[in-house]
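UniProt numbering numbers the first residue of the sequence shown as 1 and each following residue consecutively.
One structure is given here, and the rest of the page talks about it.
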Amino acid sequence: MTSQFSALLRQLRLQAGLTQEDLARNSGLSVRTVRRLETGERANPQVGTVRLLADALRLEPDQRAGMLAVADGRVPVGDAPPEQVRPSEPPVVVGAPPESAFERLLAEAADDLAHAVGARLGREEELRRIHDPFPLPVRWQAAPEGVMDHWENIRRASPGASAGPLDLAGRLPEITEVYRRVPSGRLVVLGRAGSGKSVLAARFVLDVLGTRERGEAVPVVFGLGSWNPTTTGFRDWLAGQLLRDHPGLAAAGRDEADLATTLVEAGRVLPVLDGFDELAAGLHRAALDALNATTLPLLVTSRPGEYAAVAGADALTAAAAVRLTDLTVTDLIDYLPRTTRKDGDATAWDPVLAELRDHPGRPASANLRTVLTTPLMVGLARATHSAPAGPDPSVLLDTGRFGSQHALEDHLLGSFIPTVYRDPDTRWDPERVRHWLGHLARHLDRLGTHDLAWWELGASTRRGPRMVILGALSGLVVGLVSGLLLWLVGSPAAGREPVNPLLIAVENWVGFGLAFAFGHGVGLAIEGGPFAPARIRLRTRGGFRRLRARFAPRLLAGLAGGVGAGLILGLGNAAGHNPLGIVGSGFPGGLATGLGMGALTGLGWGLLAGLEAPMDIRSAVGPADLLRTNRRMVVGGFLGWGLVLGVAHVLMVALAVGHLDPAALPFDLMIGPLIGLAISTCVTAWGQWLVFARVWLPLTGRLPWSVAAFLDDACRRGVLRQVGAVHQFRHARLQAHLSNT
Numbered sequence: 001m002t003s004q005f006s007a008l009l010r011q012l013r014l015q016a017g018l019t020q021e022d023l024a025r026n027s028g029l030s031v032r033t034v035r036r037l038e039t040g041e042r043a044n045p046q047v048g049t050v051r052l053l054a055d056a057l058r059l060e061p062d063q064r065a066g067m068l069a070v071a072d073g074r075v076p077v078g079d080a081p082p083e084q085v086r087p088s089e090p091p092v093v094v095g096a097p098p099e100s101a102f103e104r105l106l107a108e109a110a111d112d113l114a115h116a117v118g119a120r121l122g123r124e125e126e127l128r129r130i131h132d133p134f135p136l137p138v139r140w141q142a143a144p145e146g147v148m149d150h151w152e153n154i155r156r157a158s159p160g161a162s163a164g165p166l167d168l169a170g171r172l173p174e175i176t177e178v179y180r181r182v183p184s185g186r187l188v189v190l191g192r193a194g195s196g197k198s199v200l201a202a203r204f205v206l207d208v209l210g211t212r213e214r215g216e217a218v219p220v221v222f223g224l225g226s227w228n229p230t231t232t233g234f235r236d237w238l239a240g241q242l243l244r245d246h247p248g249l250a251a252a253g254r255d256e257a258d259l260a261t262t263l264v265e266a267g268r269v270l271p272v273l274d275g276f277d278e279l280a281a282g283l284h285r286a287a288l289d290a291l292n293a294t295t296l297p298l299l300v301t302s303r304p305g306e307y308a309a310v311a312g313a314d315a316l317t318a319a320a321a322v323r324l325t326d327l328t329v330t331d332l333i334d335y336l337p338r339t340t341r342k343d344g345d346a347t348a349w350d351p352v353l354a355e356l357r358d359h360p361g362r363p364a365s366a367n368l369r370t371v372l373t374t375p376l377m378v379g380l381a382r383a384t385h386s387a388p389a390g391p392d393p394s395v396l397l398d399t400g401r402f403g404s405q406h407a408l409e410d411h412l413l414g415s416f417i418p419t420v421y422r423d424p425d426t427r428w429d430p431e432r433v434r435h436w437l438g439h440l441a442r443h444l445d446r447l448g449t450h451d452l453a454w455w456e457l458g459a460s461t462r463r464g465p466r467m468v469i470l471g472a473l474s475g476l477v478v479g480l481v482s483g484l485l486l487w488l489v490g491s492p493a494a495g496r497e498p499v500n501p502l503l504i505a506v507e508n509w510v511g512f513g514l515a516f517a518f519g520h521g522v523g524l525a526i527e528g529g530p531f532a533p534a535r536i537r538l539r540t541r542g543g544f545r546r547l548r549a550r551f552a553p554r555l556l557a558g559l560a561g562g563v564g565a566g567l568i569l570g571l572g573n574a575a576g577h578n579p580l581g582i583v584g585s586g587f588p589g590g591l592a593t594g595l596g597m598g599a600l601t602g603l604g605w606g607l608l609a610g611l612e613a614p615m616d617i618r619s620a621v622g623p624a625d626l627l628r629t630n631r632r633m634v635v636g637g638f639l640g641w642g643l644v645l646g647v648a649h650v651l652m653v654a655l656a657v658g659h660l661d662p663a664a665l666p667f668d669l670m671i672g673p674l675i676g677l678a679i680s681t682c683v684t685a686w687g688q689w690l691v692f693a694r695v696w697l698p699l700t701g702r703l704p705w706s707v708a709a710f711l712d713d714a715c716r717r718g719v720l721r722q723v724g725a726v727h728q729f730r731h732a733r734l735q736a737h738l739s740n741t
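This is the structure in structure tokens:
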């Protein structure tokens, strides 16, 4: 159909009296793209490209629909409009103008984003065994008219014109084709829990990416559950999610904006919004208003009830809607026997499926038929009852054990964890796993999100207790190490009083613990929430913009910690103790020293902002990647700055006593890096991970000691899934079940 579309585009352009350069300018496409479309060199034009061309040509609704149909290959050869050439046609320019540096940057960023998105979703399909042995059928019909906008708006009809409904029925392999039938580029997919909405969204993205050409919009799945439309604009939220999952997009774009924001503003991102129903209670109407304020093409998934409740007052502007249909007994007969081993000519599923087919009115059959109408429940049934060592599927027909649909669903949900952790070689005990996953599910419930972020694992603890825990553990490290150093090197010599290592250890534990707790609290107040992970690497050039934006808050946090440390050191000096051999005496000397160390810390932390640079855009960053990057940056950065603190401390002591003390140099030089690393636990995401996920939560039995390995293993077993830089439970139903266990 490529030649038909080429002929049609050329005809419509000539009828509009436009040159290829005019059409390129009006549509926002490059002249090279327009020329390739007209010559047929470029096949399978994307729906977004066709819409841009239709807008630039000012086509009527029927012309737009015809153009989309030809582009999608739905017009018979004989129906393609003939090419009409006017004698007055302007000459075709042979050489296309070169791309500007900005256009090239934007196109390359979009291409790299497309590569990363496709790679991640492809791996996710493999982990979820979508194609083993084949994808469960996901089908849909047009949704009721009551949840859709006017067809005139959906089909972009001119004022006063009328437009009829579109044929929107289809199945999973046709989702891209059905989407392209909608001239507005806005489609809502409705389906009950577990009906396959997320699988459909992922398949849509992969299919679009499979035919996408350079510079076209990149479809990206965004989980709507983390959006608060009352505090964050839609485009800002999209950019923030892109930055979270693709740190390379923090690179500079246009007008000092980052690449993520620039891509969104330039229309190079096609939002696929998964889980409208997962928005927090009371936010659905605000979200709908925000979406209606934009004209961005998008695909939205939702449960019917939540969407219908808000659509009753106002529909999503220009959006068509479809509703997923249930799986049938025939679907089950085709699928389930092929997921388990044969025993002769039959499988363990055959008698169960025969009962469902032949005796649908029996209570056991009716319950099981109803439960197995969604891909989620079929997948759980397969995981438990198709496994080699799994229970016989016939137990699902036992009304004595499972007398209702709810009992069957609870059985399938409850059996999933023991089944996937049944491997005798596993390092995890299934009962402990259930306990740990239950804690994570309740943690997400308290935060009101489905995104399990490693840097927020301590965030469900209230701020006060969190400050106490962090201060106590960080201060304990400083106290123990400083006491040990003093015991090893002996009392610092000339000019300094003898000290008791145990007393100094306790004083430093209390003093620095209070200072760290105070600095952490101030840092949380400045950040407005948990410390976000650094999505960057260190470099030595071009960081002035980041330095300007981040220097002041970091300096302020350092000063706040310095105030706390100064108060403690001042009180210690006033009481006759000078544990670190600090310049000055009495309370003023200790306070001044604490403020000086705090200022140095804040200064160093702030200056690090100028060395931060985005990571590679093409890397599809996962939770483990982000954690490793943050660990390297924090340890390297704060050890380096800690050495500066150590040298400063040596000089301060030398000024106080009039000479360098070789015997005390090990202590004086090591105390700086020690304090630097301890400070990093207070003001960085990796520090929070270290204190809470690696120490406190395992110590209290709520998580295993190897948290990262546990989360990765849960992904491989299909309990969790990776969504960019965070994890999510495989399904909200599983999270809810574990939360209540």
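We treat Cβ as the ideally placed atom computed from N, Cα and C, and that holds for glycine.
Treat the numbers as computed from the prediction; the structure is a model and nothing was measured.
Tell me the DSSP secondary structure of residue i in three-state form.
| i | result |
| --- | --- |
| VAL218 | strand |
| TRP140 | strand |
| VAL726 | strand |
| VAL272 | strand |
| SER739 | helix |
| LEU720 | strand |
| THR301 | strand |
| VAL189 | strand |
| ASP55 | helix |
| ALA280 | coil |
| GLY521 | helix |
| GLY40 | coil |
| ASP236 | helix |
| ARG32 | helix |
| GLY17 | coil |
| PRO579 | In this prediction, PRO579 scores a pLDDT of 48, lower than 50, which makes its location untrustworthy; no coordinate-derived value is stated. |
| GLY223 | strand |
| PRO156 | Strictly speaking, residue 156 in this sequence is Arg, with Pro absent from that position. Correct three-state label for ARG156: coil. |
| ASP345 | coil |
Assuming residue i contacts residue j (C-beta within less than 8 Å), just tell me the rounded distance between them.
| i | j | result |
| --- | --- | --- |
| ARG36 | ASP111 | Not quite, the Cβ-Cβ distance comes to about 16 Å (not below 8 Å), so this is no contact. |
| THR340 | ALA348 | 6 Å |
| GLY233 | THR449 | The Cβ separation is near 19 Å, so there is no contact. |
| ALA732 | ALA193 | 7 Å |
| TRP151 | PRO137 | The Cβ separation is near 28 Å, so there is no contact. |
| ARG717 | GLN728 | About 14 Å; that fails the 8 Å criterion. |
| ALA239 | VAL264 | 5 Å |
| LEU57 | ARG13 | 7 Å |
| LEU452 | LEU437 | Rounded, the Cβ-Cβ distance is 10 Å, inconsistent with contact. |
| GLY521 | ARG434 | Not quite, the Cβ-Cβ distance comes to about 35 Å (not below 8 Å), so this is no contact. |
Below 7 Å, is the gap between the Cβ of residue i and the nearest heavy atom of the ligand NAD?
| i | result |
| --- | --- |
| VAL300 | The model on display carries no ligand, and the ligand NAD is accordingly not part of it. |
In chain order, what residues of the same chain lie with their CB nearer than 7 Å to the CB of residue i, ignoring the 5 residues before and after it?
| i | result |
| --- | --- |
| VAL477 | ALA678 |
| VAL221 | ALA201, ALA202, VAL205, VAL272 and ASP274 |
| LEU9 | LEU37, GLU38 and LEU53 |
| PRO297 | GLY48, GLY185, ARG186 and LEU270 |
| GLY118 | LEU206 and LEU209 |
Would you mind reading off the limits of the beta strand (DSSP E) that contains residue i?
| i | result |
| --- | --- |
| ALA320 | 320-324 |
Give the range of the alpha helix (DSSP H) segment to which residue i is assigned.
| i | result |
| --- | --- |
| LEU259 | 259-265 |
| HIS443 | 430-447 |
| TYR421 | Premise fails: TYR421 is in no alpha helix (DSSP H) and is neither H nor E. |
| LEU24 | The question names Leu, yet the displayed sequence has Ala at residue 24. First-last of the alpha helix (DSSP H) with ALA24: 20-27. |
| SER365 | 363-371 |
| THR211 | 197-211 |
Can you give me the Cβ contacts of residue i inside the same chain, cut-off strictly under 8 Å, excluding the 5 residues immediately before and after it?
| i | result |
| --- | --- |
| LEU627 | TRP454, PRO533, TRP686, TRP689 and ALA708 |
| THR419 | ALA383, THR384, ALA387 and GLY390 |
| VAL695 | LEU473 |
| THR681 | LEU470, LEU473, SER474, PHE516, GLY687, GLN688, LEU690 and VAL691 |
Comparing the C-beta of residue i with each C-beta of chain D, is any distance below 8 Å?
| i | result |
| --- | --- |
| ARG42 | This model lacks chain D altogether; it includes just one protein chain. |
Using a Cβ-Cβ cut-off of 6 Å (strictly less than) and excluding sequence neighbours within five positions of residue i, which residues of its own chain qualify?
| i | result |
| --- | --- |
| LEU376 | GLY194 and HIS731 |
| CYS715 | GLN722 |
For residue i, does the count of other Cβ atoms within 10 angstroms reach 16, so buried, or fall short, so exposed?
| i | result |
| --- | --- |
| SER302 | buried |
| LEU484 | exposed |
| ASP392 | exposed |
| VAL218 | buried |
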